[in-house]
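**Student:**
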Amino acid sequence: MWEYTDKVKDHFFNPRNIGVLADANAVGEVGSLACGDALKLFLKIDPETEKIVDASFQTFGCGSAIASSSALTEMIKGKTVEEALKITNQDIADYLGGLPKEKMHCSVMGRDAFQAAVACYRGETAPRELAEGELVCECFGVTDEQIRRAVRENNLSTIQEVTDYTKAGGGCGLCHDKIERIIAEIKGETSVAESIVSKPRKSMTNIQKIAKIQEVLEKEIRPSLQQDGGDVELIDLDGDVVKIALRGLCSSCPSSALTKNGIENKLRELVHPDLAVQEVNV
Amino acid sequence: MKTIYLDNNATTRVADEVFDAIRPFFTERYGNPSSMHFFGGSVAREIVSARENMAELLGALPQEIVFTSGGTESDSTAILSALSTMPDRREIVTTRVEHPAVLNLCKYLARVKGYTVRWLSVDKFGMLDMNEVKKAITDNTAIVSVMWANNETGGMYPIEEIAKIAAARGALTHTDAVQAVGKVPINLSKTDINFLSLSGHKLHAPKGIGALYIKKGTRFSPFMIGGHQEFSRRGGTENVPGIVGLGHAARLAMKNFEEENIRVKKMRDRLQQGLLERVSQARVNGHIENRLPNTLNIGFEFVEGEAILMKMDEKGICASSGSACTSGSLEPSHVLRAMGVPFTAVHGSIRFSLSRYNTEDEIEFVIEETPKIILTLRAMSPFNVETMNAACVVQ
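These protein sequences, in sequence, are chains A and B. Per our numbering, residue 36 is the first one in the first sequence, and the count goes up by one each step. Per our numbering, residue 518 is the first one in the second sequence, and the count goes up by one each step.
1) Does B:PHE819 have its Cβ less than 9 Å from a Cβ in chain A?
2) Can you give me the C-alpha to C-alpha distance between B:ILE609 and B:THR594, rounded to a whole angstrom?
3) Give me the DSSP bridge partner(s) of B:TYR547.
4) Please classify A:ILE248: is it buried, with 16 or more other beta-carbons within 10 angstroms of its beta-carbon, or exposed?
5) Flag B:GLY822 as yes if its beta-carbon sits less than 9 Å from any beta-carbon of chain A, otherwise no.
6) Strictly below 7 Å CB to CB, what residues from chain B border A:ASP45?
7) Leaving out five residues on either side along the sequence, give the residues of the same chain with a beta carbon under 6 Å from the beta carbon of B:ILE676.
8) Measuring CA to CA, which of B:ILE891, B:LYS630, B:SER591, B:ILE710 is closest to B:ARG606?
9) Would A:PHE342 pass as an interface residue toward chain B - the criterion being a Cβ-Cβ separation below 9 Å?
10) If A:ARG282 sits next to A:VAL306, beta carbons under 8 Å apart, how far is it from one beta carbon to the other, in whole angstroms?
11) Taking only runs that begin and end inside the region 72-96 of chain A, name each unbroken beta strand (DSSP E) of 3 or more residues, in chain order.
12) Quick check: the Cα distance between B:THR528 and A:ASN190, rounded to an integer number of angstroms?
13) Let me confirm a value: A:ALA148 is counted as buried when at least 16 other C-beta atoms fall within 10 Å, else exposed. Which label applies?
14) Restricting to Cα atoms, I'd like to know which of B:ILE521, B:ASN901, B:PRO550, B:GLU545 is closest to B:GLY744.
15) Going by beta carbon distance, what residues of the same chain come within less than 6 Å of A:THR319, once the five residues before and after it are set aside?
16) Determine the closest residue to A:THR40 out of A:GLU118, A:PHE77, A:LEU56, A:ALA128, with distance taken between C-alpha atoms.
17) Count Cβ pairs between the region 576-594 of chain B and the region 734-752 of chain B that sit closer than 8 Å; are there 3 or more?
18) For chain B, check one thing: does any of its Cβ atoms lie closer than 9 Å to the Cβ of A:GLU64?
19) Would B:ALA964 pass as a contact of B:PHE817 if the rule is Cβ separation under 9 Å?
20) When burial is assigned at 16 or more other CB atoms within 10 Å of the CB, is B:GLU821 buried or exposed?
21) Inspect the beta-carbon positions of B:GLU848 and A:GLY66 and report whether they are closer than 9 Å.
22) Kindly say whether B:PRO888, judged by its beta-carbon, lies nearer than 9 Å to any beta-carbon of chain A.
23) Might you give, ordered along the chain, the residues of its own chain that have their beta carbon closer than 8 Å to the beta carbon of A:ASN241, omitting 5 neighbours on each side?
24) Using a cut-off of 8 Å between C-beta atoms, extract the partners of A:LEU252 located in chain B.
25) Going by DSSP, what residues sit across from B:ASN814 in a beta bridge?
26) When Cβ atoms are compared, which residues of the region 171-190 of chain A fall closer than 9 Å to chain B?
27) Quick check on the DSSP output: the beta strand (DSSP E) that includes A:GLN313 runs from which residue to which?
28) Which residues in the same chain as A:ALA61 place their Cβ atom closer than 7 Å to its Cβ, once the five residues preceding and following it in sequence are excluded?
29) Within a Cβ cutoff of 7 Å, which residues of the same chain sit near A:ILE256, ignoring the five residues on either side of it in sequence?
30) So, do the region 165-180 of chain A and the region 195-209 of chain A have three or more beta carbon pairs nearer to each other than 8 Å?
31) Am I right that B:VAL801 and B:VAL614 are in contact with their C-beta atoms under 8 Å? What's the rounded C-beta distance?
32) Using the beta-carbon count (16 or more within 10 Å), is B:LEU541 buried or exposed?
33) What would DSSP say about A:PHE175, mapped onto helix, strand or coil?
34) Figure out for me which residue from A:GLU85, A:ALA90, A:GLY98 has the closest Cα to the Cα of A:GLU118.
35) Using DSSP with H/G/I as helix, E/B as strand and the rest coil, what is A:CYS207?
36) Among A:CYS70, A:GLU314, A:ASN296, which has the Cα closest to the Cα of A:HIS140?
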């Protein structure tokens, strides 16, 4: 049994704005019967002011799908198209006092249906062809663009979260690798922007270099080595030669040369491009 | 508001007689049956009598019954025992419609332990093809595990015939009879079935108690290793209240057997007829004849199961659904999909499962209320026969 809020229950048991809107000038359709939920959104937009004069919906789906559709129509009525386009799936969920995380895709469906309707109104795309990009999840027909958007807007970091929000990956599971790559790619974007260690500076004193090397080792290198039962210690800096000692499992690891190269690359990237790493036994 | 409980394949209410029988074993007769003193030792006699009742219900010998924590433990015990006593055989034969207790164990054994699992498919009525069964069982089959009756559709399988085929190949047979015990006649004395799993809470005993039938002469390797309890076949101090309760539930099942098969079946048939008459685009999922007397699975097209259940719940009606949204996974019922139930109906499938505690008035109330719910939801749905016909042309 799902823990639905009173607001979700209210919008499910007493849905607002049901049915076909006879004089609608925009229709957006998302989902399908095969997927288990679908929403058809009807809008009447005043062409002069671009204000949404009226909205209605037809939904096939679970309690939260119906409640999300009902909430969406209430939220967009009276707003201009531009204003309403700012509504995110999280806003729909918030309006309902929250949704169980497995049901977040219902709020995403609401947002997508609205965008489809606006695209239809502006004559940009046919209502059913909203989904751009490459198909990732064949079971639920989810594209990479839809996944990217959900990951960015909701700061998702696991496959399960992506499934909760978009359904992608909830079927056969064959697309899990692709979803993981998309998440990594987007996380990559942000981690470059907000990297823990700031970019290398041109000229540095020895003291500055040592401090920087120490920082990179602490934040970027040691945590991952320690995960594998190893460690590294900075021994000395001789000009551009960084002398390190590998500890723990790393010291006897046959691939310690790889570890050394890895550390060198990291230090060249984040401290100074001329650095070389030398392993010493102390 | 009165609760109308039509979800008896999920769990059942504990019978009053069972509850009364159990009560003293918590605060008065709480002794350990293994103790030397009379206070504990006298409790052991109750276990003996529970075992006798259980054996009688199954047409088995008391020493063939091992009490467990429930259906899942019994399933795991049987299948893992068969594999470990027949190490030269590396194949498992089972169906695509098993309960997760068997299904996921077999998937695990294939993925992690490298066994080959031969999955038997079912037709649109949920029935097996016996030629496929014969082909799947080979000299390399360690265990054949086929449920006696399906929890979602109530469909029943010819397990006695399958056990004969397996025995001819030297393979062992297990059946998950959790849904069948107490509802349909079972007599294991003349069959080749080696293992049968059952669960107490499906037949008006408490949760947390079950049993495994192990045919005399079947080599056995225990799952729970520990003390000498259950003839050293299942370690751990006995769940005395549970065992006593299961024994009484078995006795009651024998006593109420006629009622289960006549009155309950009549109510089920009335529900089926009433709903099909009043709701268009509805279909029975499963086999009409070859089915448990208490189970009705109906697919209502163009509506979604969770929404139906929420609206039923508002009226006090408890049922369940094979819809994706009710499971927490996104996939609808593996049973209905294996049967090829069209997707227009699979999401809107509702399972009603009755017990002897239901009344005819309750059934009439459900026949009255359910069609209104379906109509309300259909009025909201963007799909109907016309839109679907149009969509099918495009495909």
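Every residue gets a Cβ at the ideal spot worked out from N, C-alpha and C, and that includes glycine. Computed from a predicted structure; not experimentally measured.
**Tutor:** Short version:
1) yes
2) 15 Å
3) The partner list for B:TYR547 (beta bridge, DSSP) is empty, contrary to what the question assumes.
4) buried
5) yes
6) Under the 7 Å cutoff, chain B gives no residues; its nearest Cβ is about 12 Å from A:ASP45.
7) VAL663, TRP665, THR692
8) B:LYS630
9) This structure gives no information on residue 342 of chain A, because the portion of chain A shown stretches from 36 to 317.
10) A:ARG282 to A:VAL306, Cβ: 21 Å. No contact.
11) 72-81, 86-95
12) 40 Å
13) buried
14) B:PRO550
15) Missing from the structure shown is residue 319 of chain A; chain A here goes from 36 to 317 and no further.
16) A:ALA128
17) yes
18) yes
19) The shown model of chain B, from 518 to 912, leaves out residue 964 of chain B, and the question about it has no answer.
20) buried
21) no
22) no
23) LEU272
24) None at all; the shortest Cβ gap to chain B is about 39 Å.
25) B:ARG868
26) CYS174, PHE175
27) 311-314
28) LEU78, ILE80, ALA152, VAL153, CYS155, TYR156
29) VAL267, ILE298, LYS301
30) yes
31) With 8 Å as the limit, B:VAL801 and B:VAL614 do not qualify as a contact, their Cβ atoms being about 16 Å apart.
32) Looking at the sequence provided, one finds Pro at residue 541 of chain B rather than Leu. Answer is exposed; the Cβ neighbour count stays below 16.
33) coil
34) A:GLU85
35) coil
36) A:CYS70
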